Amino acid sequence: MSGRARDSAGLGVTPRAAVALAIFVLLMAVAPFFVSNYVLSVLVVVLFAAYFGQAWNLLMGIAGQLSLGHALYVGLGAYASAVLFVRFDLPPWLGMLVGMALAALVGSLIAALSFRFSVTGVYFALLTIAFAEFTRVLFDHFGWVGATSGLFLPVANLAHDDLLFLRGSTAMFYYCLLVLTLGALALSRYLLHRRIGYYWQAIREDQDAAQALGIDVFRYKVAAMALSAAMTALGGAFVAFYNNNLYPDTVFAVGQSIEIITAPIIGGLGTLFGPILGAFVLTTLGEAMTSLSGIFGIDGLKQWFYGAVLLAIVALQPAGLWPWLRARLGLDETRR
Amino acid sequence: MSATPILEVRGISKRFRGLQAVDQVSFAVPQGGIVALIGPNGAGKTTTFNLIAGVFAPDTGQVLIDGVDITGLRADRVCHAGIGRTFQLVKPFGALTALENVVVGALKGTTEMTAARRLAWEILDRLGLADKADLVARSLTLPERKRLEVARALATRPKVLLLDEVMAGLRPTEIDAMVAVFAELSRDTGLAILLTEHVMRAVMMLSHHIVVLHHGQKICEGTPEMVSRDPQVLACYLGKTPPAGQA
Numbered sequence: 007m008s009g010r011a012r013d014s015a016g017l018g019v020t021p022r023a024a025v026a027l028a029i030f031v032l033l034m035a036v037a038p039f040f041v042s043n044y045v046l047s048v049l050v051v052v053l054f055a056a057y058f059g060q061a062w063n064l065l066m067g068i069a070g071q072l073s074l075g076h077a078l079y080v081g082l083g084a085y086a087s088a089v090l091f092v093r094f095d096l097p098p099w100l101g102m103l104v105g106m107a108l109a110a111l112v113g114s115l116i117a118a119l120s121f122r123f124s125v126t127g128v129y130f131a132l133l134t135i136a137f138a139e140f141t142r143v144l145f146d147h148f149g150w151v152g153a154t155s156g157l158f159l160p161v162a163n164l165a166h167d168d169l170l171f172l173r174g175s176t177a178m179f180y181y182c183l184l185v186l187t188l189g190a191l192a193l194s195r196y197l198l199h200r201r202i203g204y205y206w207q208a209i210r211e212d213q214d215a216a217q218a219l220g221i222d223v224f225r226y227k228v229a230a231m232a233l234s235a236a237m238t239a240l241g242g243a244f245v246a247f248y249n250n251n252l253y254p255d256t257v258f259a260v261g262q263s264i265e266i267i268t269a270p271i272i273g274g275l276g277t278l279f280g281p282i283l284g285a286f287v288l289t290t291l292g293e294a295m296t297s298l299s300g301i302f303g304i305d306g307l308k309q310w311f312y313g314a315v316l317l318a319i320v321a322l323q324p325a326g327l328w329p330w331l332r333a334r335l336g337l338d339e340t341r342r
Numbered sequence: 554m555s556a557t558p559i560l561e562v563r564g565i566s567k568r569f570r571g572l573q574a575v576d577q578v579s580f581a582v583p584q585g586g587i588v589a590l591i592g593p594n595g596a597g598k599t600t601t602f603n604l605i606a607g608v609f610a611p612d613t614g615q616v617l618i619d620g621v622d623i624t625g626l627r628a629d630r631v632c633h634a635g636i637g638r639t640f641q642l643v644k645p646f647g648a649l650t651a652l653e654n655v656v657v658g659a660l661k662g663t664t665e666m667t668a669a670r671r672l673a674w675e676i677l678d679r680l681g682l683a684d685k686a687d688l689v690a691r692s693l694t695l696p697e698r699k700r701l702e703v704a705r706a707l708a709t710r711p712k713v714l715l716l717d718e719v720m721a722g723l724r725p726t727e728i729d730a731m732v733a734v735f736a737e738l739s740r741d742t743g744l745a746i747l748l749t750e751h752v753m754r755a756v757m758m759l760s761h762h763i764v765v766l767h768h769g770q771k772i773c774e775g776t777p778e779m780v781s782r783d784p785q786v787l788a789c790y791l792g793k794t795p796p797a798g799q800a
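Heads up: the sequence lines are chains A and B, in that order.
Under this note's numbering, residues 7 to 342 are what the first sequence spells out, in order.
Under this note's numbering, residues 554 to 800 are what the second sequence spells out, in order.
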């Protein structure tokens, strides 16, 4: 590698990359017409992972702040929209807004608390875990939302998809998530081109230098957390309405937080398409492993596989799969 | 030194535990002036810089820029008040390109990307980095990174530029080129420069005025000629030998 700018953030789009993106979007758009219900449900899982990965990537990959407690925001978004629907018959779209606002507020508070007292790096990460766990325990004892026995959304057998109340087929959820994922991609790209994106990257690279250039580091870090949390909560609402049930011990689980971060790490931290690619690779291979372990009757093969792939990629492609694939596909920008 | 000072430091002190790092230091930098802060290692030069740049607040004393008190303000506020600084140990944004590094500085006080990029190009050009614009900063050589550090600070359009040992590690021809850039900047734009430097050749060529620190105290100040003849300076800073081209 010559050290020629490979455009760490993936700004600028070459004609080739634009065509590649168009093909990808087209394939994703028509997929439900050609694939089985099982494959479609796997693709829904892919898109969930891609979307959450993008939301987390904004905070970690671009602004450089490590959160290991993003399950907190998945849960807040899920519970806010589900409770408002179950208790007050409010459409989830309204609940999403409430969930997003709540998550942004909670995220800002955690960030403000940490950064005000200079809790950064791994200590910040520990704090995010603590808040997620604390909230999980809180919801375990929160009777009004079902506590440990869970919250259930009424399943209606409708002839048509009800988009307003998010009751309907897998395909409906697939398209919702596809829009979310592409929206997150567009938003991330837009922000990277703006001052805020430059400032986040500057903070990620060197906080002292960033501050010396006039950047209010505290404010921009809190903003990154708020946005990432709100985006995550939006996805959380779809988790609730897709699964029709919510348990604090699943939705707020540390495992959930870890799953969110694997796709962007595998795909390429701080890259725009990395989280999406990582989600595809991990979910499809994970599914394959699950069925293989069914065939061979080996429990936990999937987990072994996850560990092995993580190790292999971290060892062989520490920058992630996307920078490598991007170069292979000839999508690297030649500037001007 | 008759012009109104753009930067004025009034009796600042800073104590770290038992060590009085900076002790009642006062000096001023006029508009378009180039002032050097020199002294042996541990004299308190970098601490003085950090006190001005808002890395930490002085225990006593005041820092004024254009007559406005900026004492104890946070580093980003100090930057907005009109001070641009470089770091002795360079701190490039490694994963960003040279151009993007400078754009970050140029975005101070504006969200207009096109204007910021244009300014960044101008500055890269002035510092001879235009052909490196698209290289990621971590792939630049040390002299290039030193210049990038200066470029980034300049992009914030400061009234005063603080240069912390930007000549260290450069070859004589590179030093001459840097000196030319700073002399030109201060002449053309009225930029005031405060620098610390061990490279005496650069200090003597560049500065209009020199402040000498020793054990945190100002022991002498004046024109380069005056300072280089001062017996106290010779004793503490240059040793007993007369000053050569380089210390």
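Just so it is clear, CB atoms sit at the ideal spot from N, CA and C, and this is done for glycine as well.
Remember, it's a predicted structure, so these values are computed and weren't measured experimentally.
Starting from B:G614 and walking both ways along the beta strand (DSSP E), at which residues does that stretch end? Looking at the DSSP string, the run of the beta strand (DSSP E) that includes B:G614 is T613 to I618.
Considering only C-alpha positions, which residue in the set B:G585, B:D783 and B:V621 is nearest to B:V562? Nearest C-alpha to B:V562 among B:G585, B:D783 and B:V621: B:V621.
Run through the DSSP bridge pairs and tell me what A:L6 is partnered with. Nothing about residue 6 of chain A can be reported from this structure: the residues present for chain A run from 7 to 342 only.
Under the three-state reduction of DSSP, which class applies to B:E697: helix, strand or coil? helix
Under the DSSP definition of a beta bridge, which residues are partnered with B:L714? In the DSSP output, where bridge partners are listed per residue, B:L714 has B:G637 and B:I746.
Unbroken alpha helix (DSSP H) runs of length 4 or more, entirely within the stretch 616-692 of chain B: which are they? 628-634, 651-659 and 666-679
Interface partners of A:L345 on chain B, CB under 9 Å: Because chain A in this structure spans residues 7 to 342, residue 345 of chain A falls outside the shown range and cannot be described.
Quick one: what's B:E737 bridged to in DSSP? BP columns for B:E737 are empty, so no partner.
The beta strand (DSSP E) with B:L572 in it runs from where to where? L572 to P583
Where does B:S760 fall in DSSP's three states? coil
Terminal residues of the beta strand (DSSP E) in which A:Q323 lies: Run containing A:Q323: none; DSSP gives neither H nor E here.
Closer than 6 Å by C-beta to B:Q770: which residues in its own chain qualify, once you throw out the five before and the five after it? Chain order, please. D576
Test: B:D684 CB closer than 8 Å to a CB of chain A: no
So B:S566 is in the beta strand (DSSP E); what residue range does that whole segment cover? P558 to F569
Please check if any C-beta of chain B sits within less than 8 Å of the C-beta of A:A37. no
Report all residues from its chain with a CB closer than 6 Å to the CB of A:D167; omit the five preceding and five following residues, and keep chain order. Close CB contacts of A:D167 within its chain, under the 6 Å cut and outside five residues either way in sequence, are with G174, S175 and M178 (chain order).
Please list the residues of the stretch 212-246 of chain A that have a C-beta atom closer than 8 Å to any C-beta atom in chain B, keeping them in chain order. D212, D214, A215, A216, Q217, A218, L219, G220, I221, D222 and V223
Determine the burial state of A:Y196: buried for a count of at least 16 other Cβ atoms within 10 Å of its Cβ, exposed for fewer. exposed
Taking C-beta pairs closer than 9 Å, name the residues in chain B that A:Q207 reaches, listed in chain order. F646, A648, L649, E653 and V657
Give the secondary structure of A:I116 by DSSP, where H, G and I count as helix, E and B as strand, and everything else as coil. helix
Looking at chain B, which residues of the stretch 183-197 of chain A have a Cβ within less than 9 Å of any of its Cβ atoms? none
Does any C-beta atom of chain A lie closer than 8 Å to the C-beta of B:L660? yes
Find out if the Cβ-Cβ distance for the pair B:K644, B:T600 is shorter than 8 Å. No, the pair does not count as a contact, with Cβ atoms beyond the cut-off.
For B:A745, go through chain A and note every residue whose CB falls closer than 8 Å to its CB, in chain order. By Cβ distance, chain A contributes nothing, its closest Cβ being about 17 Å from B:A745, past 8 Å.
Please look up how many angstroms separate the CB atoms of A:Y204 and B:V703, rounded, as I've assumed it's under 8 Å. With 8 Å as the limit, A:Y204 and B:V703 do not qualify as a contact, their Cβ atoms being about 19 Å apart.
Quick one: which chain A residues come within Cβ less than 7 Å of B:F609? In chain order: nothing, as chain A lies at least about 12 Å away.
Any beta carbon of chain A sitting closer than 8 Å to that of B:R679? Not an interface residue.
Should B:L715 and B:G637 be called a contact, given that it needs their Cβ atoms to be closer than 8 Å? yes
If we count the other Cβ atoms within 10 Å of its Cβ and call it buried at 16 or more, is A:G303 buried or exposed? exposed
Quick check: is the beta carbon of B:D629 nearer than 8 Å to any beta carbon in chain A? Interface annotation, B:D629: in contact with chain A, CB-CB separation under 8 Å.
With a 10 Å radius around its C-beta and 16 neighbouring C-beta atoms as the bar for buried, classify B:T742 as buried or exposed. exposed
Determine which residues share a DSSP beta bridge with B:E774 and list them. B:V764
Take A:A26 as the anchor and find which of A:F279, A:A84, A:A239 and A:L115 has the nearest alpha-carbon. A:F279
Return the CA-CA distance between A:S42 and A:L96, expressed in angstroms with no decimal places. Answer to the nearest angstrom: the Cα atoms are 32 Å apart.
On the CB-based measure, 16 or more other CB atoms within 10 Å of its CB, does A:P98 come out buried or exposed? Buried, by the Cβ-count rule.
What's the call for B:A745, buried or exposed, on a 16-neighbour Cβ count within 10 Å? buried
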